[in-house]
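To start, the structure itself, in structure tokens.
Number of protein chains: 2
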Amino acid sequence: MLEEVRQGVARRVAGGGPRPHLSVVLVGHHPASETYVRHKHRDAEQVGITSSDHRLPETVSTEEVVELVGHLNADPAVSGILVQTPLPPQVATGVALEAVDPARDVDGLHPLNQGRLLRDEEALVACTPAGILRLLDDHQVEIEGRRAVVIGRSTIVGKPVAILLLRRNATVTVCHSRTRELDEISRQADILVAALGRPHFVRPEMVKEGAAVVDVGINPVDGKLRGDVDPAVAEKAGWLSPVPGGVGPMTRAMLMWNTLKAEQLRRP
Amino acid sequence: MLEEVRQGVARRVAGGGPRPHLSVVLVGHHPASETYVRHKHRDAEQVGITSSDHRLPETVSTEEVVELVGHLNADPAVSGILVQTPLPPQVATGVALEAVDPARDVDGLHPLNQGRLLRDEEALVACTPAGILRLLDDHQVEIEGRRAVVIGRSTIVGKPVAILLLRRNATVTVCHSRTRELDEISRQADILVAALGRPHFVRPEMVKEGAAVVDVGINPVDGKLRGDVDPAVAEKAGWLSPVPGGVGPMTRAMLMWNTLKAEQLRRP
């Protein structure tokens, strides 16, 4: 459970060794990003991880982001570096993310980490997909040999969670906006992951009776967060990871886990 | 078609600029590897790419492989580097493949290239998955919106071809040894890719009438190559890429394509 993950990190941090440090880079003043970054610092404090905040103006160039990241890469006190996305349009996101030292890439978005994930090698895994697997395990959802359907094929969630489910021996289908007869496919799922970013898109008739459903959506609607899953699905699903709650907080907990892991990986 | 790919490379090589050079590293005397390497040098010669052969004894250490690769990385005349697998058991394959300069990784097996593939960024893509897509296109197989089923989840074929099919807007399912009711799933496929490595595993009753079937298997049986697809599938499939032929030669042609691409990518 969520508290177990947090306490597990806190216990290990308190257990000795250098205290992990998380550096967060925020460009501009995207309101949701401001909130996320604030949460990350608070989460870090709660588990005993130190953190620092690095701000750049909205008008910054790709080179300036890369330069800041380079300074953080060179700082031996920094265990993990997170560049908060989205970045302003003039900043090349791929270049900025690839500038982060892969060994400090606690967001797991560096292509080297994503490639190692694909290759089933040791990697820092993106926090949301890692959190989804942790939630499934916490709720004793059987994965091996089951049909998993992932709706959404993003780089941050859809594709990496599909790889993680495959590694755990699920049979995995990835669906998206061009998928035909989606309802029929999603009804075959023992595990259904909704990560497409459309509020209440998954309706009860798309869900198999008793399926485990993971809602990854965070769609702001009238000042509230709505998931990708219609709450009525709860009556049909065997288990539903809800929004708010569920994946969001677990993603934040996995970031703390990754920061600790990054610190441990670089120790001799 | 295959000849078009080869001629396309040959025409571009002849068209000017530095002639690409492919360096092939072979450790030991694995008989199939010897054959593959010989083919690669012949293919290169036929399209006007120069190549060199670098042999290491069967008993070599990981460090010695990495050292040789490092020399090749440092040689400005080398456009592409290929470390022939399988490597002997004492050599850490991941370490050896990761030693190759990603910009010269014409086999597309470096995790950085596989991560860029996952992220839909410019990458050197592994030759077999790239060849499968080329074959489908050559045979005017519609991919967008179709159901694709990949049997096999290897790092070299199954997972990367799934990502390439997803990028082309197919709805993709990856099956494997732990998949239940495989026949039922494979019968839903408009495009069926068999890459599991079991001779004649895919039988006609597993195939939808009219489906496009790509046989990626190369299983030696009684001195002959057998694919993963029972030849009787040809009567049911709309199109079958056969073994021998099909994916094998196209994979070789894609290696030449990647060598040319690597040379072009590093030009200013």
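Residue numbers (the working numbering), protein chains in the order written: chain A, 80 to 347; chain B, 80 to 347. Every residue, glycine too, gets a C-beta built ideally from N, C-alpha and C.
Touching by the beta-carbon criterion (3+ pairs, under 8 Å), the segment 233 to 252 of chain A and the segment 193 to 209 of chain A: yes
Residue nearest to Val300 of chain A in terms of C-alpha spacing, selected from A:Arg90, A:Arg277, A:Pro328: As a working mapping, residue 300 of chain A is identified with position 221 in the first sequence. Nearest of A:Arg90, A:Arg277, A:Pro328 to Val300 of chain A, Cα basis: A:Arg277.
Cβ neighbour criterion (16 or more within 10 Å) applied to Asp269 of chain A: Within the first sequence, residue 269 of chain A is the residue found at index 190, counting from 1. Asp269 of chain A comes out buried.
CB contact below 7 Å: Leu243 of chain B versus chain A: Residue numbering aside, residue 243 of chain B sits at position 164 when the second sequence is read from its first letter. Taking Cβ atoms only, chain A never reaches closer than 7 Å to Leu243 of chain B, which makes this a no.
CA-to-CA distance, Val174 of chain B to Val103 of chain A, given in whole angstroms: The count along the first sequence starts at 1 and reaches residue 103 of chain A at position 24. The count along the second sequence starts at 1 and reaches residue 174 of chain B at position 95. Whole-angstrom Cα-Cα distance: 30 Å.
Cutoff 6 Å; reference Ala227 of chain B; Cβ partners in own chain excluding five residues on either side: Along the second sequence, read from residue 1 onward, the residue named residue 227 of chain B stands at position 148. Around Ala227 of chain B: Leu244, Ala249, Val251, Ile270.
CB contact flag (Asn192 of chain A, Leu203 of chain A, <7 Å): Residue numbering aside, residue 192 of chain A sits at position 113 when the first sequence is read from its first letter. Residue numbering aside, residue 203 of chain A sits at position 124 when the first sequence is read from its first letter. Their beta carbons are under 7 Å apart, which means Asn192 of chain A touches Leu203 of chain A by this criterion.
Cβ pair Ala313 of chain A, Val185 of chain A closer than 7 Å: In the first sequence, residue 313 of chain A corresponds to position 234, counting from 1. In the first sequence, residue 185 of chain A corresponds to position 106, counting from 1. Against a cut-off of 7 Å, the Cβ pair of Val185 of chain A and Ala313 of chain A comes out as no contact.
According to DSSP, residues forming a beta bridge with Asn192 of chain B: Taking the first residue of the second sequence as position 1, residue 192 of chain B is located at position 113. DSSP lists no partner for Asn192 of chain B.
Classification of Thr258 of chain A by the beta-carbon crowding that lies within 10 angstroms, buried from 16 upward: Looking up residue 258 of chain A in the first sequence gives position 179. Buried, by the Cβ-count rule.
CB of Ala273 of chain A within 7 Å of CB of Val281 of chain A, strictly: On the first sequence, residue 273 of chain A is found 194 positions in, with the first residue counted as 1. On the first sequence, residue 281 of chain A is found 202 positions in, with the first residue counted as 1. For Ala273 of chain A and Val281 of chain A, yes; Cβs fall inside 7 Å.
Opposing strand residues paired with Leu304 of chain B [DSSP bridges]: Within the second sequence, residue 304 of chain B is the residue found at index 225, counting from 1. Partner(s): B:Pro299.
Proximal residues of chain B, C-beta to C-beta of Val251 of chain A below 8 Å: Within the first sequence, the letter at position 172 stands for residue 251 of chain A. Going along chain B in sequence order, the residues near Val251 of chain A (Cβ under 8 Å) are Thr252, Val253.
Three-state class that DSSP yields for Leu166 of chain A in the structure shown: Here residue 166 of chain A corresponds to residue number 87 of the first sequence, with the count starting at 1. Three-state result, Leu166 of chain A: coil.
Proximity test, Cβ basis, 7 Å: Pro190 of chain A and chain B: Residue 190 of chain A sits at position 111 when you count from the first residue of the first sequence. Chain B contact via Cβ: present.
Residue environment, Met80 of chain B, which counts as buried when at least 16 other CB atoms sit within 10 Å: As a first step, residue 80 of chain B must be located in the second sequence, where it is residue number 1. Exposed, since its Cβ has fewer than 16 Cβ neighbours within 10 Å.
Beta carbon proximity, Gln163 of chain B to chain A, threshold 7 Å: In the second sequence, the residue the question calls residue 163 of chain B occupies position 84. Closer than 7 Å: no.
Pro190 of chain B and Arg198 of chain A closer than 7 Å at C-beta: Counting from 1 along the second sequence, the entry for residue 190 of chain B is found at position 111. Counting from 1 along the first sequence, the entry for residue 198 of chain A is found at position 119. Yes. Within cutoff.
Beta-carbon proximity of Val170 of chain B to Val236 of chain B, cut-off 7 Å: For the purposes of this step, residue 170 of chain B is taken as the residue at position 91 of the second sequence. For the purposes of this step, residue 236 of chain B is taken as the residue at position 157 of the second sequence. It is not a contact, given that the beta carbons lie outside the stated cut-off.
Minimum C-alpha distance to Met335 of chain B - residue among B:Glu124, B:Gly302, B:Ser320, B:Thr172: Here residue 335 of chain B refers to the residue found at position 256 when the second sequence is read from its first residue. Checking every option, the nearest Cα to that of Met335 of chain B belongs to B:Glu124.
Reduced DSSP secondary structure (H/G/I, E/B, other) of Arg259 of chain A: Along the first sequence, one-based indexing puts residue 259 of chain A at 180. The answer is coil: DSSP assigns Arg259 of chain A none of H, G, I, E or B.
Distance, Pro167 of chain A Cα to Val139 of chain A Cα: Residue numbering aside, residue 139 of chain A sits at position 60 when the first sequence is read from its first letter. Residue numbering aside, residue 167 of chain A sits at position 88 when the first sequence is read from its first letter. Val139 of chain A and Pro167 of chain A: Cα-Cα distance of roughly 8 Å.
Residue-chain proximity (Val257 of chain B, chain A), Cβ-Cβ < 7 Å: Along the second sequence, read from residue 1 onward, the residue named residue 257 of chain B stands at position 178. The question names Val, but residue 257 of chain B in the sequence shown is Arg. With 7 Å as the cut-off, Arg257 of chain B counts as an interface residue toward chain A.
Within 7 Å, strictly: CB atoms of Ile128 of chain A and Thr338 of chain A: Position 49 of the first sequence holds residue 128 of chain A. Position 259 of the first sequence holds residue 338 of chain A. Going by C-beta atoms, Ile128 of chain A is nearer than 7 Å to Thr338 of chain A.
Rounded C-alpha distance that separates Val326 of chain B from Arg232 of chain A: For this step, residue 326 of chain B is matched to residue 247 along the second sequence. For this step, residue 232 of chain A is matched to residue 153 along the first sequence. Distance between the alpha carbons of Val326 of chain B and Arg232 of chain A is about 27 Å.
Cβ neighbour criterion (16 or more within 10 Å) applied to Gly302 of chain A: Position 223 of the first sequence, counting from 1, holds the residue named residue 302 of chain A. The residue is exposed, with fewer than 16 neighbouring Cβ atoms inside 10 Å.
Own chain residues within Cβ distance below 8 Å of Asn298 of chain A, not counting five before or after: The sequence position of residue 298 of chain A within the first sequence is 219, counting from 1. If we look at Asn298 of chain A and ignore the five residues flanking it on each side, its Cβ neighbours are Gly276, Arg277, Pro278, Leu304, Arg305, Gly306, Asp307.
Interfacial residues, the segment 274 to 289 of chain A to chain B, with Cβ spacing under 9 Å: none
Any non-hydrogen atom of the ligand MN closer than 6 Å to Gly231 of chain B Cβ: No copy of the ligand MN occurs in the structure displayed, which carries no ligand at all.
Chain A within 7 Å of Asn248 of chain B, Cβ atoms only: As a first step, residue 248 of chain B is located in the second sequence; it is residue number 169 there, counting from the start. At least one chain A Cβ lies under 7 Å of Asn248 of chain B.
Near-chain B residues of the segment 222 to 241 of chain A (beta-carbon distance less than 7 Å), N- to C-terminal order: Glu223, Gly224, Arg232, Thr234, Lys238
Residue-level contact to chain B via CB, Arg183 of chain A, 7 Å cutoff: Indexing the first sequence from 1 puts residue 183 of chain A at position 104. Chain B, which has no Cβ nearer than 7 Å to the Cβ of Arg183 of chain A, makes this no.
Exposure of Asp420 of chain A, with buried meaning 16 or more beta-carbon neighbours within 10 Å: As displayed, chain A neither begins before 80 nor continues past 347, which places residue 420 of chain A out of reach and without an answer.
Cβ-based neighbour list, Ala93 of chain B, same chain, cut-off 7 Å, excluding 5 preceding and 5 following: As a working note, residue 93 of chain B is residue 14 in the second sequence. For Ala93 of chain B, where only same-chain residues beyond five positions count, the Cβ hits under 7 Å are Gly127.
Where Gly159 of chain A falls: helix, strand or coil (DSSP): Your numbering for residue 159 of chain A matches position 80 in the first sequence. Of the three classes helix, strand and coil, the one that applies to Gly159 of chain A here is strand, per DSSP.
Identity of the residues DSSP links to Cys254 of chain B by a beta bridge: Taking the first residue of the second sequence as 1, we reach residue 254 of chain B at position 175. BP columns for Cys254 of chain B point to B:Ile230.
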